[in-house]
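Data first, discussion second: the structure below is written as structure tokens.
Protein chains: 2
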Amino acid sequence: MPRAGLSAERLIGEAAELADEVGFEQVTVSALARRFGVRVASLYSHLDGSHDLRTRIALLALEELTDRAAAELAGRAGRDALVAFADVYRDYARQHPGRYAASRYRLDPETAAASAGVRHARLLRSVLRGYDITGDEQTHAVRLLGSVFHGYVSLELEGGFSHSAPDSGRSWARIVEVLDALLRNWPDAAQPDASQQGS
Amino acid sequence: MPRAGLSAERLIGEAAELADEVGFEQVTVSALARRFGVRVASLYSHLDGSHDLRTRIALLALEELTDRAAAELAGRAGRDALVAFADVYRDYARQHPGRYAASRYRLDPETAAASAGVRHARLLRSVLRGYDITGDEQTHAVRLLGSVFHGYVSLELEGGFSHSAPDSGRSWARIVEVLDALLRNWPDAAQPDASQQGS
DNA sequence: GCAAATTGCCTAAATGGTTTAGGTTTTGTA
DNA sequence: TACAAAACCTAAACCATTTAGGCAATTTGC
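Pasting the structure below:
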């Protein structure tokens, strides 16, 4: 009988496709074997089980996403960089919902530390170099941006904003614009309670 | 043999506990049956299967969360309301991670429309009444807040901010503060930069 | 070109979750 | 007391996961 020509590479590539088609949670060693017309057990020489499969899809996704971000960020700063980073993020999630979900798969600390995730985080921090925010405040800002991007995209993918006006893309663009204004005009940490107006 | 005294109510209550203890994804009809010392099939007269089980936990969580938010929001406006809403959200997620995950379980549209989720959304919108933002801009702001809250909390639960300074609670408080400033000083929709026209 | 070693894919089987079809026991109530 | 409904059961089918061990296709060393 002819062989299917499996390899870890091909397996993960197809698994990522599968994730985009049917959802990351539905990616299963069985489904992948079916896709290759091969017995389930055959995959266990290439993969270390279902957790390993998911982990590898996650690593692939993180790398793809980070590469895109790095490419778009080159030569941009400030608001342009912010918009580019944000759009890469959302576009990737919309084009590859399964991979995006994979990129949120919980990795054990060592794996995470060796993944493209840290490069991605560094890229986000580098976007903030275009604004005048430093120290702990910069960390707060990074966490804010990460939360907005991830939060918006996952709510959008879950269908949260689907059938209601205004269009989700409009809200996204406006939110990024508003965030840019916020970063340019980052409020003092001291005590902002008095009615601040100008800026 | 004595009966366990099952009912849909008790089942869902225990299932929510179970979710908080072992994680929402691990909540399974089998695990729940084990918890009650009962055969798996016995639960199928009370539940319509595993999807139904998860859906009901989700509905419970949405209701609890919304009730808390409503209680804390009573008599507050503006910044106080924003902080209260945000803290209820994060506290609930930290105290009940399984239930929180459940509250993000995807419901079919009719179920979602009949859930406490819509009440929760209305509450969030009511928080914005303390600021001078209307129309589409208000919707953008609602989406921004929802994204930040959900995004931050889920990144935090995934361990994203765990072992690094500054403390996650500090970032949270600061972010809410910054959002309040942003809402009080919501930038104009017209381009502050030149060179672009609205969509 | 051939034998040996390796690798790729296989069958078989155990474990455990899901779900349905039906049976029996308990319990509340007429 | 008797009966109907509810609560819980056994049995069995289906599917995903995982391991153990086997044979065949390919690659390698000569």
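Protein chains in written order, with UniProt numbering: chain D, 1 to 199; chain X, 1 to 199. C-beta atoms are modelled at their ideal positions from N, C-alpha and C, and glycine is treated no differently.
Does the Cβ of Val142(X) lie closer than 7 Å to at least one heavy atom of the ligand FMN?
Here there are no bound small molecules, and the ligand FMN is not part of this structure.
Please check if any C-beta of chain D sits within less than 8 Å of the C-beta of residue 252(X).
Lying before the first or after the last residue shown, residue 252(X) is absent from chain X, which here runs from 1 to 199.
Taking 6 Å as the limit between beta carbons, can you name the residues of its chain near Val83(D), skipping five residues before and five after?
Val176
Could you give the distance in angstroms between the alpha-carbon of Gln138(X) and the alpha-carbon of Val127(X)?
11 Å
Within this structure, are the beta carbons of Asp180(D) and Arg79(D) separated by less than 8 Å?
yes
For the alpha helix (DSSP H) containing Trp186(X), list its first residue and its last residue.
It is not in any alpha helix (DSSP H) - Trp186(X) carries neither H nor E in the DSSP assignment.
Starting from Thr55(D), follow the alpha helix (DSSP H) in both directions and report where the run begins and ends.
Ser50 to Leu73
Close-in-space but distant-in-sequence residues of the same chain around Gln196(D) (CB under 6 Å, 5 per side omitted)
Since pLDDT at Gln196(D) reaches only 44, below the 50 mark, its modelled position is unreliable, and the value read off the structure follows with that caveat. Correct list: empty, nothing qualifies.
Own chain, CB closer than 6 Å to Pro192(X), minus 5 neighbours either side, in chain order:
Confidence at Pro192(X) is low in this model, with a pLDDT of 49, below 50, so its placement is unreliable and no value can be given for it.
Can you give me the C-alpha to C-alpha distance between Val27(X) and Ser50(X), rounded to a whole angstrom?
9 Å
Measuring straight from C-alpha to C-alpha, what distance separates Gly98(X) and Ala190(X)?
43 Å
Length at least 4, wholly inside the segment 103 to 166 of chain D: the alpha helix (DSSP H) runs in chain order
109 to 113, 117 to 127 and 135 to 157
Quick one: what does DSSP say Arg99(X) is sitting in, helix, strand or coil?
helix
My understanding is that Ser147(X) touches Leu155(D), with C-beta atoms under 8 Å, so please give their C-beta distance in whole angstroms.
6 Å
Neighbour-count burial assignment, Ser164(D), 16 or more Cβ in a 10 Å radius:
exposed
So, for Thr111(D): in the same chain, excluding its five sequence neighbours on each side, which residues have a beta-carbon less than 8 Å away from its beta-carbon?
Thr55 and Leu59
Counted within 10 angstroms of its Cβ, other Cβ atoms place Asp20(X) as buried (16 or more) or exposed:
buried
Determine whether the beta carbon atoms of Val153(X) and Arg125(X) lie at a separation below 8 Å.
no
Mark Tyr44(D) as exposed unless 16 or more other C-beta atoms lie within 10 angstroms of its C-beta, in which case mark it buried.
exposed
Return no unless some Cβ of chain D is closer than 8 Å to the Cβ of Val38(X).
no
Cβ pair residue 202(X), His140(X) closer than 8 Å
Only positions 1 to 199 of chain X appear in this structure, which leaves residue 202(X) out of reach.
Hey, is Ala69(X)'s beta-carbon within less than 8 Å of any beta-carbon in chain D?
no
Does DSSP put Leu18(D) in a helix, a strand or coil?
helix
Contact under 8 Å by Cβ, Leu6(D) with His46(D)
yes
With respect to the alpha helix (DSSP H) encompassing Phe36(D), which residues constitute its N-terminal and C-terminal limits?
Val29 to Phe36
Which chain X residues sit within Cβ distance under 8 Å of Ser155(D)?
A small fix is needed here, since residue 155(D) is Leu in this sequence, not Ser. The contacting residues are Arg143, Gly146, Ser147 and His150.
Contacts around Val40(X), its chain only, beta-carbon distance under 8 Å, and the 5 residues preceding and following it disregarded:
Val29, Ser30 and Ala33
Within 8 Å, strictly: CB atoms of Ile57(X) and Ala102(X)
yes
Could you check the C-alpha separation between Ser171(D) and Pro187(D) for me, to the nearest Å?
23 Å
In chain order, what residues of the same chain have a beta carbon less than 8 Å from the beta carbon of Glu15(D), not counting five sequence neighbours either side?
The amino acid occupying residue 15(D) in the given sequence is Ala; Glu does not appear at that position. Val27, Leu32, Leu53, Arg56 and Ile57, listed in sequence order.
For Arg76(X), name the three-state secondary structure that DSSP assigns.
coil
Would you say Val178(X) faces chain D, with C-beta separation under 8 Å as the test?
yes
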